[in-house]
Each structure stands twice: as structure tokens, then as C-alpha cells.
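Engineer:
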Amino acid sequence: MNHFFFYIFKVVLDRQYRDMSFKLWTAQGFYLSLLLVKVCCSEFKVTVPSSLVVTLGQPVVLPCSFSVGNVWQPESIVITWQRGLEVVHSFYYNRDQLKRQSPHYVKRTSLYQSEMQKGNASLRLENVTIEDRGEYICSVSSQLGSERKSFPLKVAALYSEPVLQFSVQPGSVTVLLTSGGGFPAPTLSWLQDHEDLTNSTETRLTRDTLSGLYNVYSTLTLKDNTIATLSFILRNEDLMEEIRRNISLPAESEGDLPKASQRMRELILLPVLLVFILLAVLGLLLLQTICKPNRTKGILSTTEHCFSHVDIT
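For the sequence shown, UniProt numbering gives the first residue as 1, with consecutive numbering after it.
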């Protein structure tokens, strides 16, 4: 009888152990499956910058990288670069595929094929133009998965050294600033002793129809000639270019204005005086030509001969 109860107790324990083992195995299997799914889904990743700025006319590398596994399968790699609906560059079947490439990018793009095994899908773009700016998309597919990322490309050009022209009038001075060959449109500020005079200026932007570059013209008129120092700041935000210059103006009070007028009269009278002197010299030469001296006569007879030909009224 004791053996019978012991057998029944053993059967019950074995069944409970098997049930617990099955549940434990099921839970472990489910957890392992989730872990595998998480690893598989997060293993492949494409990385690009948040934005990129390039100088006009220079080459640029558009960065793009992707995850690679332990086994490299080049025939499974598909890389496509796009700007909107334009195909910039395509790569599959282990070689470039450029039949659908936009004419705008012909012979200007290349991939780093020798570095693809390291996850490099970056694109090199030659001779960047203003028309190249926009949103670029890097799409990569492999045996591990596929993903696409995008980022904006900005194109900028440095502005030339500003040229200043001054126009001085009684009671006022006008300053004209010109600069050009830049992109995008700049911001221009005028300061005088930390006081912002920008709202008092007339600033005009023009854009060249062929190059697309901007020219800036800014005029500031100062009614008070006692202002001796000005500053202007020309900024190109995309290139972080800042041209800051100080301008020293001659301080002229009202009592100095007659001096300026006197200098102006002197500048006008000087050419008149030179013309008068020139006419006098020409007159003497003409007189010598008419009055040829006779070498056999003395100075007195020569003078009388000369004056005999002159009609004095």
C-alpha cells in the first residue's frame, strides 16, 4: 500500500514539473524571439548629417554610412542618391547604374566603391553650383535591411571686399557701400557708437541673371558732419562670413564749411590760372616769331623794329 501511494505522488510531481518546464521553455522561447526581432530590426541603420554647407565652385562629399554585417555580400548592395525626384547617382549589381541619372549631374558624381565594405555610401559631387542646393536623399539596401535618410545641402559664396564712396555736401556726408559676388542674400548693419543706424539706410540687392549671385548697394546719409566714426557689418550667415570695418570721417563743424568752400574755389581757379599762363607763353612765342632780331643791329634798333610792327591803339 505504501508503494502505491508513493507511485501516485511521483506521477503527480513529474506532471507538474513537466508543465512548469514547458511553460518556462515557452516563456524563454518567446523572449528569445523578441530579442532576435529587436536585434534584426535595429541592426541596419543609415546615417547622414543634419545639414551641409559648401562653397560655390568647390567639390563636396555628401556623407552617408550604413551598417554592415560579418558577411559582406556586394551583390546585395543597392545605393541610390536623389534630390527630390531627380536621380543623382545609382549603384546596384556591384557597379554604377547611370542610365536614369539626371543630366544636371552627368560626369560630376562618384561613389567610394572600395570603402563600401566599411559601410561608406558617401557621394562626391564636383564643381558645385547654386542649382545643386536642395534636399538630398541617401537610400541603402543590403541583406540586413534597407533605410533612407535625407538632409539639406546649402550652397554659399563669399562676398567681395566692400568698396566705399563718399559725397560731401554742406551740412551732410553720404556714404555708398558696394559689394558683390556673394550668395545667399547678406545682412548689412550700420553702427555709430553702438547705435544702430540700419533703418536710416537705403539698401538695394540685385541678382545676376547668369551666375545667380547677389550684389549689395547701401547708402547712408549723415546730416551731422560732426560724426567722426562709423562701422558697418556685412554678414553671410551660411558661411559664417562677417566683414566688419570702421570708417573715420573728417569732423567738420559749421565754422569749417567756409574752409571747404574756399578749397573748392581754389580747385576751380587753378585750371583757369594754368590756361592763362599757357596763353601768355604762346603769345611770347608768337611775338618772337614776328619780331626776328637783326644780328647786325643793336638791342635798341631791334626793339624799335619790333614795335614798328605792333599796332598800338
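Ideal Cβ positions, reconstructed from N, Cα and C, are used throughout, including at glycine.
Using the three-state DSSP reduction, which class does Q165 fall into: helix, strand or coil?
Structural biologist: Strand, per DSSP.
Engineer: Buried or exposed for D256, please, with buried defined as at least 16 other CB atoms from any protein chain shown within 10 angstroms of its CB.
Structural biologist: Interpretation of D256 is limited by its pLDDT of 44, a score under 50 that renders its predicted location unreliable; the figure taken from the coordinates is listed afterwards. Under this definition D256 is an exposed residue.
Engineer: Once DSSP output is grouped into helix, strand and coil, what is the label at S146?
Structural biologist: The answer is strand: DSSP assigns S146 an E or B state.
Engineer: By alpha-carbon positions, which one of N127, I290, R133 ends up nearest to Q82?
Structural biologist: Answer by Cα proximity: R133.
Engineer: My understanding is that A156 touches D238, with C-beta atoms under 8 Å, so please give their C-beta distance in whole angstroms.
Structural biologist: About 4 Å separates the two Cβ atoms, so the contact holds.
Engineer: Would you call the region 164 to 180 and the region 141 to 155 touching, i.e. three or more CB-CB distances under 8 Å?
Structural biologist: No contact exists between the region 164 to 180 and the region 141 to 155.
Engineer: The beta strand (DSSP E) with Q192 in it runs from where to where?
Structural biologist: Where Q192 is concerned, the enclosing beta strand (DSSP E) stretches over 187 to 192.
Engineer: Taking the alpha carbon of R244 as the reference point, which residue from L286, S160, L285, L123 has its own alpha carbon closest?
Structural biologist: Of L286, S160, L285, L123, the residue nearest in Cα terms is S160.
Engineer: What is the DSSP secondary structure of Q73, counted as helix, strand or coil?
Structural biologist: Residue state, collapsed to three classes: coil.
Engineer: Could you check the C-alpha separation between A280 and G181 for me, to the nearest Å?
Structural biologist: Distance between the alpha carbons of A280 and G181 is about 53 Å.
Engineer: How is V39 classed by DSSP in three states: helix, strand or coil?
Structural biologist: Any reading at V39 needs caution, since the residue's pLDDT is 43, under 50, leaving its predicted position unreliable; the model's value is listed next. If DSSP states are grouped into helix, strand and coil, V39 belongs with the helices.
Engineer: The beta strand (DSSP E) that contains S122, what's its start and end?
Structural biologist: Per DSSP, S122 belongs to no beta strand (DSSP E) and is neither H nor E.
Engineer: Around the C-beta of L34, are 16 or more other C-beta atoms found within 10 angstroms, so that it is buried, or is it exposed?
Structural biologist: Low confidence applies to L34: its pLDDT is 40, below 50, so where it sits in the model is not reliable enough to give any reading.
Engineer: For V163, I'd like the list of residues in its chain whose CB is within less than 6 Å of its CB, leaving aside the five on either flank, ordered along the chain.
Structural biologist: Result list for V163: T178, in chain order.
Engineer: Beta carbon of T109, beta carbon of L125: below 7 Å?
Structural biologist: In this structure, L125 lies closer than 7 Å to T109 by Cβ.
Engineer: Run the CB neighbour count on H194, radius 10 Å, all protein chains shown included, and call it buried at 16 or more, exposed below.
Structural biologist: With fewer than 16 other Cβ atoms within 10 Å, it is exposed.
Engineer: So, are the CB atoms of Q192 and L176 less than 7 Å apart?
Structural biologist: No, they are not a contact pair.
Engineer: Please name the residue in Q73, E135, Y112, I130 whose C-alpha comes closest to that of S150.
Structural biologist: Of Q73, E135, Y112, I130, the residue nearest in Cα terms is E135.
Engineer: If you drop the 5 nearest sequence neighbours on each side, which residues of the same chain put their C-beta closer than 6 Å to that of T47?
Structural biologist: Excluding positions up to five away in sequence, the list reads S65.
Engineer: Go to L85, then tell me how far its beta strand (DSSP E) extends in each direction, as first and last residue.
Structural biologist: That residue, L85, is in no beta strand (DSSP E); it is neither H nor E in DSSP.
Engineer: State the beta-bridge partners of T178 as determined by DSSP.
Structural biologist: According to DSSP, which records beta bridges pairwise, T178 is partnered with V163, Y217.
Engineer: If you count every other CB in all the chains shown that lies within 10 Å of the CB of W72, and 16 or more means buried, which is it?
Structural biologist: Exposed, since its Cβ has fewer than 16 Cβ neighbours within 10 Å.
Engineer: Hey, how far is the Cα of N74 from the Cα of Y93?
Structural biologist: Per the sequence shown, the amino acid found at residue 74 is Pro instead of Asn. In a straight line, the C-alpha of P74 is about 8 Å away from that of Y93.
Engineer: Mind checking which residues open and close the beta strand (DSSP E) that includes L52?
Structural biologist: First-last of the beta strand (DSSP E) with L52: 52 to 55.
Engineer: Name the one or two DSSP bridge partners that P152 has.
Structural biologist: In DSSP, P152 forms a bridge with E135.
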